[in-house]
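Below: the structure, in structure tokens.
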């Protein structure tokens with residue numbers, strides 16, 4: 002569950018792309034949108050009646066996605082793909098929505114599929130590069146920091162003061178490196194969970210397997226379409242089947258790993274689930290609890306700030322985003338949302354300073370391109386709701 006939004010950084014930015022940007026963007030040459038220059042909305046709607054209707058479903062899906070009605074957006078995409086299965090706009094939009102929802106593996110597969118058919122498609126290529134960069138260099142902001150003693154009014158970012166947290170039946174000394182490890186453990190856990198589901202279904206349908214049922218047969222699971230791709234341990238551990246479940250040579254047995262990961266991320270996952278379901282009051286309660294337990298977890302402050310922003314509580318949202326950036330000054334999602342709120346509350350210069358800094362520091366990334374587009378729109382004289390239309 003956490004990975005679905007652990008990539009919260011990536012997901013939030015995809016949200017900015019699809020839902021908050023006006024189309025076409027201020028600088029079409031510098032930032033590619035789903036709508037190609039050769040196929041604008043006006044051109045699609047004015048096309049002959051015998052032209053494929055797949056592009057019409059693209060417009061519907063884009064409209065639904067901007068308003069956050071994702072079930073309808075996916076439905077429109079699927080109907081359009083039934084008419085034209087390789088429609089590049091629909092495939093790119095579906096991949097972007099999957100990335101926004103935290104379905105990163107599926108998004109990667111979809112963008113690869115687009116590039117296999119259209120090797121020169123800049124949007125799919127740039128999106129895939131951005132995803133890989135994010136996965137390769139996971140920001141420390143997505144890692145839960147140390148619960149600290151209330152006696153420590155100011156805690157250093159690193160090294161983190163050691164403290165204890167009861168994980169199940171054992172007590173572990175939590176250092177800053179522990180949370181990097183537990184993040185990797187979480188990714189490994191989700192991979193083993195997928196293998197476990199696939200293996201159990203496969204073995205159940207094969208009564209003649211005998212002793213082979215204790216082995217993980219990757220090609221067989223892929224061939225049976227029980228897995229889209231074989232999960233990989235982030236620390237290059239090898240998966241095997243032991244004692245009725247998967248095991249990793251780096252992170253141990255599935256059951257023990259499941260217990261540890263779920264203990265650390267329990268309240269955070271509850272908040273993400275409520276937030277995805279638009280139950281913002283429950284999400285706020287969950288994230289409030291997380292920041293009490295983990296007052297040095299920048300991502301928790303960002304999620305709390307984003308939740309408050311969606312509820313229209315601008316002042317507390319600003320405060321929590323500032324706390325996030327005080328802990329992790331490189332948190333790009335927090336910078337973009339804080340710039341949004343600065344502009345909304347009349348602090349135009351502060352918003353532009355933040356956006357310009359993002360463009361300067363990460364110019365060729367999704368974040369940098371988004372910041373450049375927003376700052377360009379602000380400087381052109383557009384008001385807040387012209388740049389960020391409500392949905």
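Numbering (our numbering), first residue to last: 2 to 392.
For each residue, glycine too, the CB sits at the ideal point set by N, CA and C.
Residue 81 sits in a helix when the DSSP states are folded into three classes. In the three-state reduction of the DSSP assignment, residue 243 falls in the strand class, which pools E and B. Under the three-state reduction of DSSP, residue 254 is assigned to strand.
Non-local C-beta neighbours of residue 241 in its own chain, meaning closer than 6 Å and more than five positions away in sequence, comprise 248, ordered along the chain. For the options 280, 316, 187, the alpha carbon positioned closest to that of residue 253 is the one of 187. Counting along the chain, the unbroken alpha helix (DSSP H) around residue 368 starts and ends at 367 to 380. Secondary structure at residue 330: coil, using DSSP grouped into helix, strand and coil. Secondary structure note for residue 295: it is in no alpha helix (DSSP H), with a DSSP letter that is neither H nor E.
A Cβ-Cβ contact shorter than 8 Å links residue 346 with residue 315. According to the DSSP assignment, residue 115 belongs to the alpha helix (DSSP H) that extends over 105 to 118. Between residue 358 and residue 379, the C-beta spacing is not below 8 Å. Around the CB of residue 285, 16 or more other CB atoms lie within 10 Å, so the residue is classed as buried. Within the same chain, Cβ atoms closer than 7 Å to the Cβ of residue 95 are found at 78, 111, the five residues on either side in sequence being excluded.
Secondary-structure assignment with DSSP links residue 248 through a beta bridge to 241, 254. Residues of the same chain with a CB within less than 7 Å of the CB of residue 227, apart from the 5 flanking positions on each side, are 199, 202, 203 in chain order.
Bounds of the alpha helix (DSSP H) holding residue 89 are 89 to 101. In the DSSP annotation of this structure, the continuous segment of the alpha helix (DSSP H) that includes residue 60 starts and ends at 55 to 67. Pairing residue 344 with residue 383, the inter-Cα distance amounts to about 11 Å.
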